[in-house]
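2 protein chains.
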Amino acid sequence: MSDAEDAGHRRAGRPLETVLTKPRITAAALRLIGATGYASFTMSGLARSLGVAPSALYNHAASKQVVLQWLQDHVMTMVDVAGFGAERWDTALRRWAWSYRDIFATHVPLISIVAVLPVTGAPQTLRMYETVAAGLAAAGVPSAQIVPSIVALESFIFGSAFDVTAPADIFETGALAQSSPIFSAAVGHGHENTEKSRADVAFEFGLEALVDRIDGLRRP
Amino acid sequence: MSDAEDAGHRRAGRPLETVLTKPRITAAALRLIGATGYASFTMSGLARSLGVAPSALYNHAASKQVVLQWLQDHVMTMVDVAGFGAERWDTALRRWAWSYRDIFATHVPLISIVAVLPVTGAPQTLRMYETVAAGLAAAGVPSAQIVPSIVALESFIFGSAFDVTAPADIFETGALAQSSPIFSAAVGHGHENTEKSRADVAFEFGLEALVDRIDGLRRP
DNA sequence: ACCTGAACACCGTTCAAGT
DNA sequence: ACCTGAACACCGTTCAAGT
Numbered sequence: 004m005s006d007a008e009d010a011g012h013r014r015a016g017r018p019l020e021t022v023l024t025k026p027r028i029t030a031a032a033l034r035l036i037g038a039t040g041y042a043s044f045t046m047s048g049l050a051r052s053l054g055v056a057p058s059a060l061y062n063h064a065a066s067k068q069v070v071l072q073w074l075q076d077h078v079m080t081m082v083d084v085a086g087f088g089a090e091r092w093d094t095a096l097r098r099w100a101w102s103y104r105d106i107f108a109t110h111v112p113l114i115s116i117v118a119v120l121p122v123t124g125a126p127q128t129l130r131m132y133e134t135v136a137a138g139l140a141a142a143g144v145p146s147a148q149i150v151p152s153i154v155a156l157e158s159f160i161f162g163s164a165f166d167v168t169a170p171a172d173i174f175e176t177g178a179l180a181q182s183s184p185i186f187s188a189a190v191g192h193g194h195e196n197t198e199k200s201r202a203d204v205a206f207e208f209g210l211e212a213l214v215d216r217i218d219g220l221r222r223p
Numbered sequence: 004m005s006d007a008e009d010a011g012h013r014r015a016g017r018p019l020e021t022v023l024t025k026p027r028i029t030a031a032a033l034r035l036i037g038a039t040g041y042a043s044f045t046m047s048g049l050a051r052s053l054g055v056a057p058s059a060l061y062n063h064a065a066s067k068q069v070v071l072q073w074l075q076d077h078v079m080t081m082v083d084v085a086g087f088g089a090e091r092w093d094t095a096l097r098r099w100a101w102s103y104r105d106i107f108a109t110h111v112p113l114i115s116i117v118a119v120l121p122v123t124g125a126p127q128t129l130r131m132y133e134t135v136a137a138g139l140a141a142a143g144v145p146s147a148q149i150v151p152s153i154v155a156l157e158s159f160i161f162g163s164a165f166d167v168t169a170p171a172d173i174f175e176t177g178a179l180a181q182s183s184p185i186f187s188a189a190v191g192h193g194h195e196n197t198e199k200s201r202a203d204v205a206f207e208f209g210l211e212a213l214v215d216r217i218d219g220l221r222r223p
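Chains D and B are the protein sequences, given in the same order. If you count the first sequence from 1, you need to add 3 to reach my numbering. If you count the second sequence from 1, you need to add 3 to reach my numbering.
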């Protein structure tokens, strides 16, 4: 659908040879970031990967920020919302939340963009919100409580996505252990559980707290 | 204490005239960011505010990232932990959480730093963790549950800090309202509550969910 | 309408030279 | 030990000139 809207201005009968469309730029950016990460993602690099001069990009995207906005909205389509309407509401919600966290843990720099970009500029993001909202409404969550529920979940998900990228020993107090005995002992207890990562344990704890609260909002 | 440790290498009897100490650089950075924001915060600007050449900073901080790490740890001392030991555990926890969110809402670029910086490099941050951990332990939260509780709260707080900076109309669907009827209706209900912001309503909802869960962990 | 190549106004950081 | 000034290797972005 975005392919059509982007190429819509070309004349009928004229062969399609334009490389620089919004979906193609987005796809190239996603590929490039997947290969080398966000730190080395530059407009020059993006242009090179598309076989074009850097300045050519500015005929299609007003700024690098806009390219990242396109990418953010595209990444949202990768979040798993298939549970809604197919599974129990809470199973669908957990599936969505875990998938959402995992995807943004690999796209952390996009978090600051989703968090402040109006939904009118991100149609796929709005689509996701609609699916989740419909799932909550069908479960009996009152309309007035849907936005606070989604925002609270999303805030927790974004913060947890950061946490996934933290080093495993982030809480090791080392030489400072004497000055923080209670916290250091608590960190020590964490080493007993080896099957699940520290980030996963905390995410599960918080997610269940939120799901439980949302459960309490439901009306028959 | 950091004043002493930083100036500790100077000889006794030699007058203190050095401007570029860790606490002074940190204070200057905080002042500069308070005045003009993170977007325009540069090493050149920081050097200018200290009356020094940009390259002089590199005799004290290895990189701009290090300056931001110092700043992050300093900002942590501004978080309100005074409730612990003085108020009921849950009152203290709420007070801490709201203050933590508010401070990082004005220092959003520091979030990605706290989230991944080992505590050994951030003594004030560790101090805060110790105070919160002690508060939870005194409330009866088992040692093994303290880290997941703090991490879940912190993740929620970081995500919520982003949310505070979002424009008020971020969820207004506008022309796309037809394609998202349930979500748009839910957003409409939000306008009824005018005394509290959307971000505050969601933060309160999520925070109470987490506090409640932590309450359930307590043992006598 | 859209591309190229050169240029601009920055960045953070390094380093020889000073004291 | 620590500062200056010049330089380096980049950035994102603009714009005249082409087709």
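Backbone N, C-alpha and C fix where the C-beta goes; we use that ideal spot for every residue, glycine too.
- Of all residues in the segment 147-165 of chain B, only A147, Q148, I149, V150, P151, S152, I153, V154, A155, L156, E157, S158, F159, I160, F161, G162, S163, A164, F165 come within less than 9 angstroms of chain D when Cβ atoms are compared, listed by chain position.
- Cβ neighbours of V111/D within its own chain (closer than 8 angstroms, five residues either side excluded): Y41, A164, F165, T168.
- Scanning chain D for C-beta atoms nearer than 7 angstroms to the C-beta of I185/B yields E133, A136, A137, A140, reported in chain order.
- Here the segment 185-201 of chain D makes no contact with the segment 180-188 of chain B; the two share fewer than three CB pairs at distances below 8 angstroms.
- Between A100/D and L139/D, the gap from beta carbon to beta carbon reaches 8 angstroms or more.
- Rounded to whole angstroms, G209/D and A212/B show a C-alpha spacing of 8 angstroms.
- With a threshold of 8 angstroms between beta carbons, G40/D makes no contact with chain B.
- The C-alpha of A142/D is placed about 11 angstroms away from the C-alpha of L96/D.
- At a beta-carbon threshold of 8 angstroms, the residues of chain B lying near T123/D are E175, T176, G177, A178, L179, ordered along the chain.
- Secondary structure of E198/D (DSSP, three-state): coil.
- Within a 10 Å sphere around the beta-carbon of S158/D sit 16 or more other beta-carbons, which makes this residue buried.
- For D172/B, the number of other beta carbons within 10 angstroms of its own is below 16, and it is reported as exposed.
- In the DSSP assignment, M46/D falls within the unbroken alpha helix (DSSP H) covering 46-52.
- Taking all protein chains in view, the Cβ of R216/D is crowded by 16 or more other Cβ atoms within 10 Å, so the residue is classified as buried.
- The beta carbon of T29/B sits closer than 8 angstroms to those of V70, W73, L74, H77, all from its chain and outside the five residues before and after it, given in chain order.
- Taken in chain order, the whole beta strand (DSSP E) runs of length 3 or more contained in the segment 63-99 of chain D number zero.
- Not a single C-beta of chain B is nearer than 8 angstroms to the C-beta of L71/D.
- Every unbroken stretch of the alpha helix (DSSP H) spanning 4 or more residues and falling wholly within the segment 139-216 of chain B is given here in chain order: 146-167, 184-193.
- If you draw a 10 Å sphere on the C-beta of A125/D, you find 16 or more other C-beta atoms in it, and that means buried.
- With the rule of 3 Cβ pairs closer than 8 angstroms, the segment 32-48 of chain B counts as touching the segment 57-67 of chain B.
- Interface residue (Cβ-Cβ distance to chain D less than 8 angstroms): H77/B is not classified as such.
- For L33/B, the closest Cβ of chain D is not nearer than 8 angstroms.
- Within the segment 108-120 of chain B, the residues whose Cβ lies closer than 8 angstroms to any Cβ of chain D are, in chain order, V111, I114, S115, A118, V119, L120.
- For R222/D, the CB contacts under 6 angstroms within the same chain, skipping 5 residues up- and downstream, are G143 in chain order.
- In this structure, V190/B sits near F174/B, with a CB-CB distance shorter than 8 angstroms.
- Taking each of A65/B, Q148/B, G177/B in turn and checking the Cα distance to H194/D, the smallest one comes out for Q148/B.
- For D83/B, the nearest beta carbon of chain D is not closer than 8 angstroms to its own beta carbon.
- Neighbours of D215/B in chain D, taken as residues at a C-beta separation under 9 angstroms, are given in chain order as A212, D215, R216.
- In terms of beta-carbon proximity, L49/D stays away from the interface with chain B, with every pair separated by 8 angstroms or more.
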